Amino acid sequence: GITFNTTPPTALNNGMLSTNEGCATISAYNGRLLFYTDGTTVWDSTHKIMPNGKGLRGDPSTTQSAIIVPRPDSLDKYYIFTLAEVVGLDGLQYSEVDMKLNAGKGDIIKTNKNKFIRNNVCEKITALLDANGHDYWVLVAVWQSDSILAYHVTSAGVNTTPIVSKTGFIIQGPGQATSIGYMKASPDGKRIAYVNERLTQSVVADFNASTGVISNAWVFKTSGAYGVEFSPLSKFLYISEGNSRSIYQYDLSATNLSNYTLSKTLIYKSTIQPLCAMQLGPDHKIYVSPYGSNFLSVIHLPDLPGVLCYFKSNDVSIFPQTATFGLPNFVPSILRKKYFKVSRKCMDDSTFFTISDLFNLDSVKWNFGDPGSGMANTSVSKTGVYHIYSSPGNYTAKMMTYFRSNIDSTSFTIYINAPQKPDLGKDTSCCNTFSTTLQVKKKFIAYSWSINSSSPSINISKKGTYILKVIDSNNCKSSDTIIISNPQIKAVIKAKDTAICIGGHVFNLRDSSIFVDDERLMSSWHFGDNTYSKDTILTKSYIKSGIYNIWLTVESIGHCKDSVKINVSVYPKFKVFIGNDTAYCHQFSHLIKASSGFAKYNWNTGSIAPQITVNSKGIYSVKVLDSNSCPSGDTINIDEIKKPLIKVNYDSVTCKFIYLSIDSLKGLTYQWNTGATGKAIAVTTKGWYNITASHQFCSNTDSIYIDQLAMPEVDLGIDTSLCANEIILSTKEQGAYLWNTGETRPSIVINQPGKYWLTVSRNNCSATDTIDVKLCEDMLVYIPIAFTPNDDNLNEVFKVYGSNIVHVEIQIFSRWGEKILETSGKD
5 GITFNTTPPT ALNNGMLSTN EGCATISAYN GRLLFYTDGT TVWDSTHKIM
55 PNGKGLRGDP STTQSAIIVP RPDSLDKYYI FTLAEVVGLD GLQYSEVDMK
105 LNAGKGDIIK TNKNKFIRNN VCEKITALLD ANGHDYWVLV AVWQSDSILA
155 YHVTSAGVNT TPIVSKTGFI IQGPGQATSI GYMKASPDGK RIAYVNERLT
205 QSVVADFNAS TGVISNAWVF KTSGAYGVEF SPLSKFLYIS EGNSRSIYQY
255 DLSATNLSNY TLSKTLIYKS TIQPLCAMQL GPDHKIYVSP YGSNFLSVIH
305 LPDLPGVLCY FKSNDVSIFP QTATFGLPNF VPSILRKKYF KVSRKCMDDS
355 TFFTISDLFN LDSVKWNFGD PGSGMANTSV SKTGVYHIYS SPGNYTAKMM
405 TYFRSNIDST SFTIYINAPQ KPDLGKDTSC CNTFSTTLQV KKKFIAYSWS
455 INSSSPSINI SKKGTYILKV IDSNNCKSSD TIIISNPQIK AVIKAKDTAI
505 CIGGHVFNLR DSSIFVDDER LMSSWHFGDN TYSKDTILTK SYIKSGIYNI
555 WLTVESIGHC KDSVKINVSV YPKFKVFIGN DTAYCHQFSH LIKASSGFAK
605 YNWNTGSIAP QITVNSKGIY SVKVLDSNSC PSGDTINIDE IKKPLIKVNY
655 DSVTCKFIYL SIDSLKGLTY QWNTGATGKA IAVTTKGWYN ITASHQFCSN
705 TDSIYIDQLA MPEVDLGIDT SLCANEIILS TKEQGAYLWN TGETRPSIVI
755 NQPGKYWLTV SRNNCSATDT IDVKLCEDML VYIPIAFTPN DDNLNEVFKV
805 YGSNIVHVEI QIFSRWGEKI LETSGKD
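Just so you know, we're using the working numbering here: the sequence shown kicks off at 5 and counts up by one.
Here it is as C-alpha cells:
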C-alpha cells in the first residue's frame with residue numbers, strides 16, 4: 005500500500021494484501037485506514053482478518069474483485085460488492101460491514117454476508133454517487149450481452165432490480181476471459197467507460213445519475229486495453245493498452261464519435277513494462293501500475309491536454325513490494341478532496357466561490373480576506389457563494405469544511421483585477437436600410453454579443469439594443485451597451501395622374517412619405533423645369549409639353565433623408581376640326597367628319613364613329629381622345645334657311661303705306677322683287693311681293709300678294725242713270741262697309757234716283773265715294789254706214805255716236821257671215 009498522508013505519497017509495508025488484480029480499500033475522512041479486501045478476505049485497520057471476514061465470493065484474480073460503497077443511511081456501515089473470476093457462477097454478491105462491531109474495528113454482519121444478486125457478469129464493477137448527493141449506483145456489465153446493469157443503493161438497502169441500458173457493444177468471444185478489463189465512472193458522475201483486454205473495442209457513454217440510465221454510447225477501437233480512468237474534472241479519459249505498452253488520452257469535450265476518436269493522443273509508451281491499472285488518487289493525480297516494477301508511474305496534471313498532463317514513469321516507490329496488474333477500486337466521489345474554485349476575479353463584480361463537491365460535508369465557513377467589507381467578508385453558504393471586492397489587489401480566501409468531527413481548511417490567494425471595459429460609443433441612429441460594424445478598440449480574450457456572436461466585431465442592419473460582454477486577459481467580465489435606433493423614412497409621392505394634357509390640366513401631388521420612429525422636418529420638390537416647392541400638398545402645371553422628372557426629397561427631424569422620383573408626361577395640345585358652321589335650305593344630308601387616328605370619339609348624337617351624317621339643323625359637337633388620352637373637341641352649327649316670313653304692318657297714321665318686313669337672321673342677305681335689300685319695304689300698290697333670303701350655301705324665297713292697301717279705295721263709278729227698275733251699287737274693296745242708306749254690305753240695290761255714298765273702313769283708315777243716280781234720259785244713236793280711213797282726218801274711224809249711251813256692244817260680219825270683229829265699251 006501507499007499513504008497520502010505524506011507528500012509525496014510513500015510506501016506502506018505492513019499490509020497483508022497480496023493479489024495479482026482486484027482489491028478495494030476504504031479510509032476515514034482524515035485518511036485513517038478502516039478496512040481493505042481482495043474480494044475473498046477482509047482485513048481491518050490493524051491488518052487482522054475481521055470476524056466473519058473470510059469466504060467472500062469474489063476472487064483476487066478478478067479485474068475488479070470488489071468495490072466498497074458507504075451505506076447511505078448510516079455513518080458506520082458499508083457494502084462490499086464482489087465479483088467472481090471470469091464470469092464465475094458466484095457472480096455479483098454483496099456483504100455488509102458494521103464499523104461499530106469488533107471494538108470499532110468492524111465486522112461483517114452474518115445475516116448480510118454474500119447476498120447473491122446475479123451471475124453471468126464480467127470482471128467489471130464501478131460505483132458513483134446519485135445526483136441527489138446521498139444514494140449510490142453500482143454498475144456491472146453482462147457477459148455475452150451489450151447490457152449495463154445499474155443497481156440503486158439507498159437508505160432502504162440494495163435494490164436488486166437493476167436499471168438496464170444497452171450500449172450496442174456485446175462483450176463476448178472465445179472463452180470467458182473476454183470479460184477482463186476495468187470499468188470506471190467519472191468524478192462528476194456524468195459518464196462511465198469500460199475497456200476489454202481481449203477484445204479490440206471499448207465503450208464510453210453518458211450516465212444519468214438521477215435515473216441510472218446509460219445513453220449515447222460510443223464504441224471505439226482499442227488494443228489489449230486493461231486500465232481506464234477519468235481526469236479529476238472529467239475532462240479527459242485515459243486508457244492503458246497492455247499490448248502496445250502505451251497510455252492514451254481522449255478528449256471528452258468532443259461532440260461526436262468521430263471527433264472523439266481523432267482526439268486520441270499518445271501520452272506515454274513503455275519499452276519495458278506493460279502498463280496496467282490506473283487509479284485516481286485523493287491528490288487528484290492518476291497512478292499507473294507498471295507490471296513487475298517497484299514503482300508506480302504518475303500522471304501529475306491529468307486535466308491538461310496532451311503531454312501537458314505531465315506523465316512521469318516510475319515516480320512513487322513501493323519498494324520492496326512489486327506492482328502487478330491491479331490497483332484499489334474506489335467510488336470516485338470518495339476521492340473528492342474539498343477544494344474551491346474561484347471565478348470572475350474582478351473588481352466590483354461578483355467573484356464566485358464553488359466547492360468542488362458537497363459529498364461528506366456538514367457545514368462550511370468562508371473568509372474572503374476582505375475585512376474592509378464588514379459582515380460581507382464571511383459566509384456559511386454551501387452553494388451560490390460570492391463576494392464583491394471593491395478594489396483590485398491580492399486577497400487570501402479561506403474555506404473551513406466540517407464533516408462529523410473532522411475539520412479541514414483550504415486557502416487560496418487570488419488577485420482581483422480591475423476589468424477592462426469595452427467602449428461601443430454613444431447611442432446612435434441609423435436611417436432606413438443600413439449596415440454598420442460594432443467593435444471595440446481594446447482587445448479581449450472573449451467576446452459575447454447579445455445577438456449570439458463571439459466575434460470581436462459584428463455587422464448589424466437593424467435597430468436594437470446591442471450588448472457586448474467581454475472577458476479581458478485577467479478573465480474579468482465587463483460589458484457595454486449601445487442603442488441603435490433605426491428611424492424609417494420612405495419618400496412616397498402620391499400622384500392622381502402621371503400624365504396630363506397641357507392646358508387646363510394639372511398634376512395633383514401629395515407627399516405621402518412614411519415615417520417610423522421619426523417625424524417630418526421638410527419636404528423639397530424639384531419639378532424638372534427649374535421650379536421648386538416645399539409644400540406637402542400641391543398642384544403643378546407645365547407650360548410646355550414633354551417628359552419631366554419630379555423629385556421629392558424628405559428630411560426627418562432625426563436628419564434622415566430619402567428621395568423618390570417619378571416621371572410625368574405632359575402631352576401637347578391638338579385640334580380637331582369638323583368644319584365651319586353651315587346651313588341648308590331644303591331637304592339636306594351633310595357628312596360631318598372628324599380627323600382620323602384618334603383613340604376615341606364621342607359625338608353629342610351618341611355616335612362613337614369618326615364621322616356622322618346629319619339631315620337636320622342643330623349644333624353638333626364631338627369630343628375626341630388621342631393616344632395619350634388627351635381631349636379635344638369642335639362644334640359646328642348647321643342652320644336651316646327657311647322661307648322668310650313676311651309680316652304685314654299697316655300705316656295707321658297716314659294711311660298711305662303698307663310695310664312688309666321679315667326677321668333678320670345672321671349670315672343672310674335679302675333681296676325684294678322691288679329691288680330693296682333691307683328687312684322692310686313700304687308698299688303703296690297692290691300686287692305680288694317676294695323676298696329672297698340668301699346664304700353662302702343656298703337661298704329661299706317667300707312671297708305675298710297685297711290686294712289691300714293701307715287706305716281703302718272706294719270707287720262707286722261715275723254718276724249713272726236709273727234706266728231700269730233698279731241698279732246695284734257695289735265695291736270690291738274689303739273692310740267695314742257703311743252706306744248712307746245704313747246698310748253694311750259690299751253692295752246695295754237701289755230703285756230710286758239720288759246721291760249714294762259708301763264709306764269703307766280698314767286698318768283704322770277709311771275712304772268714301774259718292775255716286776249720283778239720275779233718272780234715265782232717252783238715248784240717241786247714230787251708226788255710220790261707211791268710213792274713210794285715208795288719213796284726211798274725216799271719217800277715219802268707225803264709231804257709234806249718240807247721247808245717253810251707257811254701253812255699246814258691236815259685232816261685224818263679212819258678207820259671207822263670218823264674224824270679223826266683236827267689241828264693247830261706252831262708245
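Backbone N, C-alpha and C define an ideal beta-carbon position, used for all residues, glycine too. In this text the structure is predicted, and so the values were computed from the model without any measurement.
**Item:** Residue environment, T226, which counts as buried when at least 16 other CB atoms sit within 10 Å
**Value:** buried
**Request:** Report buried or exposed for T44, applying the criterion of at least 16 other Cβ atoms within 10 angstroms of its Cβ.
**Result:** buried
**Message:** I need the boundaries of the beta strand (DSSP E) containing S751, first residue and last residue.
**Reply:** S751 to I754
**Request:** Taking 9 Å as the cut-off, decide whether the C-beta atoms of Y552 and V568 are in contact.
**Result:** no
**Item:** Cα-Cα separation between Y605 and G583, rounded to whole angstroms
**Value:** 16 Å
**Message:** Please report the straight-line C-alpha distance between F234 and Q443, rounded to a whole angstrom.
**Reply:** 41 Å
**Asked** Within this structure, are the beta carbons of T259 and F224 separated by less than 9 Å?
**Response** no
**Asked** Mind checking whether P309 and K289 have CB atoms under 9 Å apart?
**Response** no
**Item:** Where A88 sits in the DSSP three-state scheme
**Value:** coil
**Request:** Go through the segment 676-704 residue by residue and report every complete run of the beta strand (DSSP E) that reaches 3 residues or more, in order.
**Result:** 684-687 and 691-698
**Item:** Own chain, CB closer than 6 Å to T86, minus 5 neighbours either side, in chain order
**Value:** G43, L60, R61, G62, A70 and Q97
**Prompt:** Beta-carbon of A714 versus every beta-carbon of chain C: anything under 9 Å?
**Reply:** Absent from the structure is chain C; it holds one protein chain and no more.
**Asked** Should W820 go down as buried or exposed, given a rule of 16 or more other Cβ atoms within 10 Å for buried?
**Response** exposed
**Message:** Considering Cα atoms alone, identify which of A740, K239, T792 and Y786 is closest to N767.
**Reply:** A740
**Segment limits, alpha helix (DSSP H) that includes Y264** = L261 to L266
**Request:** Please name the residue in P191, P324 and Q815 whose C-alpha comes closest to that of I6.
**Result:** P324
**Request:** Leaving aside the five residues before and after I121 along the sequence, list all residues of the same chain whose C-beta is less than 8 Å from its C-beta, in chain order.
**Result:** G95, L96, Q97, Y98, Y155, V162 and T164
**Prompt:** Under a three-way DSSP split, which group does L38 fall into?
**Reply:** strand
**Asked** With burial defined as no fewer than 16 other Cβ atoms inside 10 Å of the residue's Cβ, what is the status of S244: buried or exposed?
**Response** buried
**Message:** On the DSSP letters alone, give me the boundaries of the beta strand (DSSP E) that S293 sits inside.
**Reply:** I290 to P294
**Asked** How many whole angstroms separate the CB atoms of G637 and V580, which I take to be in contact at a CB cut-off of 8 Å?
**Response** 6 Å
**Request:** Starting from I486, follow the beta strand (DSSP E) in both directions and report where the run begins and ends.
**Result:** K481 to S489
**Asked** Does DSSP put S707 in a helix, in a strand, or in coil?
**Response** strand
**Asked** Rounded to a whole number of angstroms, what is the C-alpha to C-alpha distance between S219 and S151?
**Response** 11 Å
**Asked** Can you tell which of T382, W147 and M103 has the C-alpha that lies nearest to the C-alpha of P74?
**Response** M103
**Request:** Tell me whether S301 sits in a helix, a strand or coil according to DSSP, three-state version.
**Result:** strand
**Cβ shell of D111 (< 8 Å), same chain only, five flanking positions each side left out** = M54, P55, N56, G57, V101, D102 and L105
**Rounded C-alpha distance that separates G19 from K109** = 16 Å
**Message:** Can you give me the C-alpha to C-alpha distance between K778 and I722, rounded to a whole angstrom?
**Reply:** 11 Å
**Asked** Are there three or more Cβ pairs, one per stretch, closer than 8 Å when the segment 409-428 is compared with the segment 469-489?
**Response** yes
**Asked** What residue range is occupied by the uninterrupted beta strand (DSSP E) comprising N641?
**Response** P635 to E644
**Item:** Neighbourhood of K194 by C-beta, 8 Å cutoff - its chain only, sequence neighbours within 5 removed
**Value:** D210, F211, A213 and S238
**Request:** In angstroms with no decimal places, state the Cα-to-Cα distance between T405 and V389.
**Result:** 14 Å
**Prompt:** L726 and P750: beta carbons closer than 9 Å?
**Reply:** no
**Asked** With a Cβ-Cβ cutoff of 9 Å, do P294 and Y230 count as a contact?
**Response** no
**Asked** Just checking my contact of I645 with H594 at CB under 8 Å: how many whole Å lie between their CB atoms?
**Response** Rounded, the Cβ-Cβ distance is 13 Å, inconsistent with contact.
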